[in-house]
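Chains as they are written, first to last, in my numbering: chain X, 11 to 442; chain U, 11 to 442.
Structure first, commentary second.
Protein chains: 2
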Amino acid sequence: MAARPPHVVIVGAGFGGLYAARALGRAPVRVTIVDRRNHHLFLPLLYQVATAGLNPGDIATPVRRVLRRQSNTRVLLGEVRKIDAAARAVELAGGARLSYDALIVASGSVPSYFGHDDWSLHAPPLLGLEDAVEIRRRILLAYEKAEWEPEPAVRSALLTFVVVGGGPTGVELAGAVAEMSRHAMSRDFRNIRPEEARVVLVEGGPRLLSAFPADPSARAAASLRRLGVEVRTGAHVSAMDEAGVTVGSDRIPARTVMWAAGVAASPLASSLGVPLLKGRVLVQPDLTVPGHPEIHVVGDLAAVKQGEGLVPWLAPAAIQQGRHAALNIVRSLSGLPRLAFRYRDRGALATIGRSSAVADFGRIKLSGWIAWIGWLVVHIFFLIGFRNRFLVLFQWAWAYITYERGARLLTARDATLMQSEPLPAAGAEKQA
Amino acid sequence: MAARPPHVVIVGAGFGGLYAARALGRAPVRVTIVDRRNHHLFLPLLYQVATAGLNPGDIATPVRRVLRRQSNTRVLLGEVRKIDAAARAVELAGGARLSYDALIVASGSVPSYFGHDDWSLHAPPLLGLEDAVEIRRRILLAYEKAEWEPEPAVRSALLTFVVVGGGPTGVELAGAVAEMSRHAMSRDFRNIRPEEARVVLVEGGPRLLSAFPADPSARAAASLRRLGVEVRTGAHVSAMDEAGVTVGSDRIPARTVMWAAGVAASPLASSLGVPLLKGRVLVQPDLTVPGHPEIHVVGDLAAVKQGEGLVPWLAPAAIQQGRHAALNIVRSLSGLPRLAFRYRDRGALATIGRSSAVADFGRIKLSGWIAWIGWLVVHIFFLIGFRNRFLVLFQWAWAYITYERGARLLTARDATLMQSEPLPAAGAEKQA
Chain X
11 MAARPPHVVI VGAGFGGLYA ARALGRAPVR VTIVDRRNHH LFLPLLYQVA
61 TAGLNPGDIA TPVRRVLRRQ SNTRVLLGEV RKIDAAARAV ELAGGARLSY
111 DALIVASGSV PSYFGHDDWS LHAPPLLGLE DAVEIRRRIL LAYEKAEWEP
161 EPAVRSALLT FVVVGGGPTG VELAGAVAEM SRHAMSRDFR NIRPEEARVV
211 LVEGGPRLLS AFPADPSARA AASLRRLGVE VRTGAHVSAM DEAGVTVGSD
261 RIPARTVMWA AGVAASPLAS SLGVPLLKGR VLVQPDLTVP GHPEIHVVGD
311 LAAVKQGEGL VPWLAPAAIQ QGRHAALNIV RSLSGLPRLA FRYRDRGALA
361 TIGRSSAVAD FGRIKLSGWI AWIGWLVVHI FFLIGFRNRF LVLFQWAWAY
411 ITYERGARLL TARDATLMQS EPLPAAGAEK QA
Chain U
11 MAARPPHVVI VGAGFGGLYA ARALGRAPVR VTIVDRRNHH LFLPLLYQVA
61 TAGLNPGDIA TPVRRVLRRQ SNTRVLLGEV RKIDAAARAV ELAGGARLSY
111 DALIVASGSV PSYFGHDDWS LHAPPLLGLE DAVEIRRRIL LAYEKAEWEP
161 EPAVRSALLT FVVVGGGPTG VELAGAVAEM SRHAMSRDFR NIRPEEARVV
211 LVEGGPRLLS AFPADPSARA AASLRRLGVE VRTGAHVSAM DEAGVTVGSD
261 RIPARTVMWA AGVAASPLAS SLGVPLLKGR VLVQPDLTVP GHPEIHVVGD
311 LAAVKQGEGL VPWLAPAAIQ QGRHAALNIV RSLSGLPRLA FRYRDRGALA
361 TIGRSSAVAD FGRIKLSGWI AWIGWLVVHI FFLIGFRNRF LVLFQWAWAY
411 ITYERGARLL TARDATLMQS EPLPAAGAEK QA
C-alpha cells in the first residue's frame with residue numbers, strides 16, 4: 011500500500027474553516043472538515059433572519075455542496091469535544107477520535123455574559139440560526155401578546171425591545187427592529203400601534219461601532235435616532251430579569267431583550283492548554299500554537315497581534331486566516347518555512363435600516379445611500395451560491411418596495427405561551 | 011351606545027377558515043379569527059418543505075397580513091380548547107372566553123394512527139410546518155449517519171425510507187424522497203451512494219390515489235416505480251419500532267418512516283356533543299350542526315354527504331365550504347333561509363417528481379408532462395401573495411435546472427444525535 015497523503019483536520023465550517031478547506035482542494039493532502047451543523051452560515055446577515063426579513067435557508071449552504079468537487083475532502087457532521095495535542099487527535103462527542111497530521115481549529119465564538127450566565131435566559135445571543143429563529147419568535151410573540159394585553163404598563167413593556175451591545179450586530183439588529191415596527195407590522199394590529207414600539211440600544215463604551223472611526227460612528231448613532239431608536243452609550247446593564255433590564259440605575263421594563271454584547275472563544279480553546287488572551291488563543295505570528303507548529307488557530311477563536319493591537323474578529327479576517335493556515339500547511343509539506351500572517355484591512359461596513367449605512371474603506375469614508383448600496387453589493391458577493399444570492403436580492407427588493415417582512419412565522423407551540431388574559435371586546439377599537 | 015354588529019368567531023385559519031373570513035370582509039358583522047399559528051399554511055406544498063425543496067416561509071403567509079384591510083376583522087393567536095354551544099362561547103387555552111353570535115369551526119385534522127399512538131414516535135405525520143421540518147431533519151440526518159456507518163446492514167436501514175399511505179401526500183412525498191436521493195444528494199457523499207436509497211410506499215387499499223379513477227392511479231404507480239420507489243398496495247403495517255416496520259409478515263429494516271396514512275378530525279369535534287362520522291362532524295346539508303343553526307363546520311373537520319358519498323377532504327372543498335358558511339351567515343342576518351352546500355368538483359391533481367403528474371378533470375384526464383405543468387399553474391395560482399409565488403417559482407425553476415434541493419438545513423442539536431461510531435479511515439474511499 012502506498013504511503014497515504016497527510017491528513018488535515020479542520021474544526022468548524024464557518025468563514026475560517028470553509029475557506030481553509032477550499033484552499034486545500036488541490037493540495038496533496040486528505041482533508042476532513044467537522045462541524046456541528048451541516049451548513050455554512052453567512053453570519054453577517056443573521057440579524058435579518060432574526061427580524062423576519064430572510065428565511066433561515068437563504069443564508070445557509072450545505073457544507074457538502076460547497077466542497078462536493080474536492081475529491082480529497084470529506085465532510086463530517088459532528089461535535090469536537092477535545093483536542094488531544096500530545097496524541098495529535100481530536101475527540102468527537104460519542105467518543106470517536108480523528109488523528110491528524112495538521113489541524114486547523116476554527117470553531118468560532120460563544121456568547122459571553124460577563125459572568126451573568128443567567129442573563130442568557132432573558133437575552134438570547136445571535137450566533138446561530140437557532141438563535142435567530144428564537145429571537146424572531148420572541149419579537150413576533152411580543153406583538154401578539156401586546157395586541158391582547160389590557161394593562162397599559164404591561165403592554166408598553168411588551169412593546170419595548172432592548173438590544174445590548176453597540177457593535178455591528180447590535181446596531182443592525184436595533185435598526186431592523188425599529189424599522190419592522192414602523193413599517194411591516196404597523197397596519198396589522200387593531201388594539202396596538204406597533205410604530206410606537208420603543209427600541210433601546212445599550213452600549214458600554216463611549217460610542218457605537220468602536221471598530222470604526224469617530225465620524226461614521228456618530229453618523230450611525232444619528233441614523234438610529236432618526237429611526238426612533240434610543241441610543242445609550244457609556245451605559246452598562248447591571249441587572250436583568252423577565253420583566254426588564256436595569257441600565258446603570260435606570261430600570262427599563264422590557265419583555266424582549268437581545269444580546270449582542272460579548273463573545274468569547276469556544277471552550278475548545280482551553281483544551282489546547284496554551285496561553286489565552288481575552289478567552290481567545292494567543293497564536294504565533296504564523297497562526298500556529300506555541301510548541302505545536304502543526305496546530306493552526308484561525309477566526310474568532312484566535313487572538314492575532316498586529317502592530318499595537320489585535321486583528322479584528324470580522325469575516326474578512328477569518329477568511330484571510332483560513333487561507334493563510336492552508337498555505338502554511340502546504341509550504342511545510344514542501345519543506346518551506348511558514349510565513350507570518352498579515353491582515354489586509356479591506357474596510358468595514360454596517361447598515362442602519364433602509365437606505366442607510368456607514369462604510370470605512372481607509373481613506374474613503376461613506377455614509378447614507380451610497381454606503382448602503384456598497385453594503386448590498388459586498389454582502390451579495392460574499393454570499394455563497396447563485397440560488398441564495400438571487401433569493402436574498404429578490405427579498406431585499408421586495409422589502410424595499412413593499413416595506414414588508416416576509417418570514418413572519420410562529421408555530422403551534424407559541425399559541426399556548428400566550429397566557430391568554432381576558433380579551434378586549436371585539437370591535438372595541440371601532441367604538442367612538 | 012349603538013347596537014354592535016353580530017360577532018362571528020372563526021376557529022382555524024386554514025383554507026376553510028381563511029376563505030370564510032375573506033368572504034365576510036364587507037359583511038355587517040364583527041369577525042374574530044383564532045388560530046394556534048400566526049400563519050396560513052399552503053398545505054399542498056408541505057411535502058416540498060419536508061424534502062428540502064422549499065423553505066418553511068415560502069408556503070406560509072401571516073394571517074394578519076392577509077386580512078389587514080378588513081377593518082371588521084381581528085386576528086387572535088390562541089388555541090381553542092372547548093366549544094360551549096349552550097353558552098355560545100369558545101374557551102381558549104389560558105381560560106379566556108370568546109362569545110359569538112355565529113361560529114365557524116374550521117380547525118382541521120390531526121393524525122390518526124389507528125389506535126397505535128406509539129407509532130407517532132417512529133413515523134411523524136405531515137400536517138404542519140413543525141412536522142415538515144422534523145421529517146426534513148430525519149431524512150438529512152439519515153444520510154449523514156449512513157455516511158459514517160461501518161455496518162452494512164445498519165447503513166442499508168439508514169438508507170431505507172418508508173412512506174405509509176398512498177394518498178396524494180404519500181405519493182408526492184415518496185416521489186420527492188426518491189428524486190432527492192437520486193439527484194440532489196448523489197454527489198455529496200464519499201462512502202455511500204445515496205442513489206441506492208430504498209424508498210417504499212405502503213398503501214392499505216388496492217391502489218394508490220383512491221380518490222382518482224383507476225387509470226391515473228395506475229399511471230402514478232408506474233411513474234413511482236420508474237423513479238425506483240417500491241409500491242406496495244393492499245399492504246398493512248402491523249408493527250413499527252425504531253429499527254423498522256413490519257408490513258404484513260414482511261420486515262423492512264428502516265430508520266426513517268413517514269406517516270401519510272390517516273387523519274381524524276381535531277378533538278374539538280367531540281366537544282360539540284353532536285354525531286360524528288369517522289371522527290368527523292356529520293353536518294346538515296347547509297353545513298350547520300344539528301340543533302345549532304349558528305354553528306357551522308367546514309373543511310377537514312366536517313363530514314358532508316353528497317349523493318351516495320362524502321365530499322372529499324381537499325383544499326378546494328374546504329375553500330368552497332368556508333365561503334358557503336359565510337354566505338349562509340349573511341343570509342340569516344337578512345332573514346333569508348340558509349342554502350344547502352353543493353361541492354363543485356374542479357378535479358384532482360397529484361405530482362410524482364420531475365415532469366410527472368396525474369390530473370383528473372372529470373372528462374379530461376391528463377398525465378405526464380402536461381399534467382405536471384397544470385399542477386404547477388394551479389398551485390402557484392392558489393398560493394397567497396406575490397412574494398411567495400415568486401419565491402416558489404424561482405426555486406422550482408432552479409431545482410429543475412440544477413437538480414438541487416436548496417433548504418438542506420440541520421442544526422447544532424443534530425450533531426450530538428450522531429452517536430458517532432468508529433470512523434472509517436480518511437481517504438479510504440480513494441484506495442484501490
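Heads up, the beta-carbon is just placed ideally off N, CA and C, and yes, glycines get one too.
Could you round the C-beta distance between Ser109/X and Gly22/X to whole angstroms and report it? I think they count as a contact, below 8 Å.
With a Cβ gap of about 18 Å, Ser109/X and Gly22/X do not count as contacting.
Going by alpha carbons, who is nearest to Trp269/X out of Glu240/X, Gly175/X, Ala33/X?
That would be Gly175/X, whose Cα lies nearest to the Cα of Trp269/X.
How far does the alpha helix (DSSP H) with Ala167/X in it reach, from first residue to last?
It spans 162 to 168 - the alpha helix (DSSP H) in which Ala167/X sits, taken as one unbroken run.
Just the C-alpha distance for Ser248/X and Gln294/X, rounded to the nearest angstrom, thanks.
Each residue's alpha carbon lies about 37 Å from the other.
Output the boundary residues of the alpha helix (DSSP H) element that contains His389/X.
Counting along the chain, the alpha helix (DSSP H) containing His389/X begins and ends at 379 to 392.
So, is the C-beta of Leu87/X closer than 7 Å to a C-beta in chain U?
Output row for Leu87/X: interface = yes.
Residues of chain X with CB closer than 8 Å to the CB of Gly283/U, please, in chain order.
Near Gly283/U there are no residues of chain X at all, since even the closest Cβ is about 24 Å away, more than 8 Å.
Distance, Cα to Cα, Thr361/X vs Ala279/U?
Thr361/X and Ala279/U: Cα-Cα distance of roughly 51 Å.
Which chain U residues are close to Glu154/X, counting only those with a beta carbon under 8 Å from its beta carbon?
Those within 8 Å of Glu154/X in chain U are Asn48, Leu87.
If you run the structure through DSSP and keep just helix, strand and coil, what is Ser259/U?
Three-state result, Ser259/U: coil.
From Gly27/U to Leu218/U, what does the alpha carbon distance come to, in whole angstroms?
If I take the Cα positions, the gap works out to 29 Å.
According to the neighbour-count rule (16 or more other Cβ atoms, all chains shown, within 10 Å of its Cβ), is Pro226/U buried or exposed?
Pro226/U should be labelled buried.
Take the Cβ of Trp379/X as the centre, count every other Cβ of all protein chains shown within 10 Å, and call the residue buried at 16 or more, exposed below.
Its Cβ having fewer than 16 others within 10 Å, Trp379/X is exposed.
For Pro448/U, does the three-state DSSP call read helix, strand or coil?
Residue 448/U cannot be examined here, being either before or after the span of chain U that is shown, 11 to 442.
May I ask you to report which of helix, strand or coil DSSP gives Pro277/U?
If DSSP states are grouped into helix, strand and coil, Pro277/U belongs with coil.
At a Cβ threshold of 7 Å, is Pro134/X touching chain U?
False, the Cβ-Cβ gap to chain U never drops below 7 Å.
Got a sec: which bits of the segment 56 to 69 of chain U sit with their beta carbon under 8 Å from any beta carbon on chain X, in order along the chain?
So the close ones are Asn65, Pro66, Gly67, Asp68.
Taking all protein chains shown into account, decide if Glu189/X is buried (16 or more other Cβ within 10 angstroms of its Cβ) or exposed.
Looking at its Cβ environment, which holds 16 or more other Cβ atoms inside 10 Å, Glu189/X is buried.
From Ala156/U, Leu324/U, Gly214/U, Val212/U, pick the residue whose C-alpha is nearest to that of Ser191/U; which is it?
Comparing Cα-Cα distances from Ser191/U to each of Ala156/U, Leu324/U, Gly214/U, Val212/U, the minimum goes to Ala156/U.
For Val321/U, which residues of its own chain have a beta-carbon under 6 Å away from its beta-carbon, when the five flanking residues on both sides are left out?
So the list reads Val314, Ala327, Tyr353, once near-sequence residues are dropped.
Tell me the DSSP secondary structure of Ser365/X in three-state form.
It is coil, neither helix nor strand.
Report the residue ranges of all alpha helix (DSSP H) runs contained in full by the segment 37 to 94 of chain X; include only those spanning at least 4 residues, in chain order.
Qualifying alpha helix (DSSP H) stretches, in chain order: 56 to 60, 73 to 76.
Locate the beta strand (DSSP E) running through Glu206/X, then write down its first and last residues.
Here Glu206/X belongs to no beta strand (DSSP E), and DSSP marks it neither H nor E.
Residues of chain X with CB under 7 Å from Trp408/U, in chain order?
Residues of chain X passing the Cβ test: Arg397.
At the 7 Å Cβ level, is Val21/U part of the contact set with chain X, yes or no?
With 7 Å as the cut-off, Val21/U does not count as an interface residue toward chain X.
At a CB distance below 9 Å, what residues from the segment 381 to 394 of chain U approach chain X? Give them in sequence order.
Flagged: no residues at all.
For Met481/X, does the three-state DSSP call read helix, strand or coil?
Here chain X comprises residues numbered 11 to 442, so residue 481/X is not present and cannot be evaluated.
Can you give me the C-alpha to C-alpha distance between Gly238/X and Ala228/X, rounded to a whole angstrom?
Spanning the two alpha carbons is a distance of roughly 15 Å.
Per DSSP, what kind of secondary structure is Ala156/X in: helix, strand or coil?
Reduced to three states, the DSSP call for Ala156/X is helix.
In whole angstroms, give me the CA-to-CA distance for Glu213/U and Phe25/U.
Roughly 27 Å separates the two Cα atoms.
For a cutoff of 7 Å on Cβ pairs, would you count Val418/X as touching chain U?
The residue asked about is misnamed: residue 418/X is Arg in this sequence, not Val. So yes, Arg418/X belongs to the interface.
Can you name the residues of chain X whose CB is closer than 9 Å to the CB of Trp158/U?
Here the neighbours are Leu86, Leu87, Gly88, Ala106.
Whole angstroms are fine: how far does the CA of Phe371/U sit from the CA of Gly384/U?
Spanning the two alpha carbons is a distance of roughly 11 Å.
Just mark Val59/U as buried or exposed, buried being the case when its beta carbon has 16 or more other beta carbons within 10 Å.
Answer is buried; the Cβ neighbour count reaches 16.
Rounding to the nearest angstrom, what Cα-Cα distance links Gln441/X and Gly35/U in this structure?
The predicted model places Gln441/X with a pLDDT of 32, which falls under 50 and marks its position as unreliable, so this point remains unresolved.
Roughly how many angstroms separate the alpha carbons of Val388/U and Ala381/U, rounded to a whole number?
When rounded, the distance between both Cα atoms is 10 Å.
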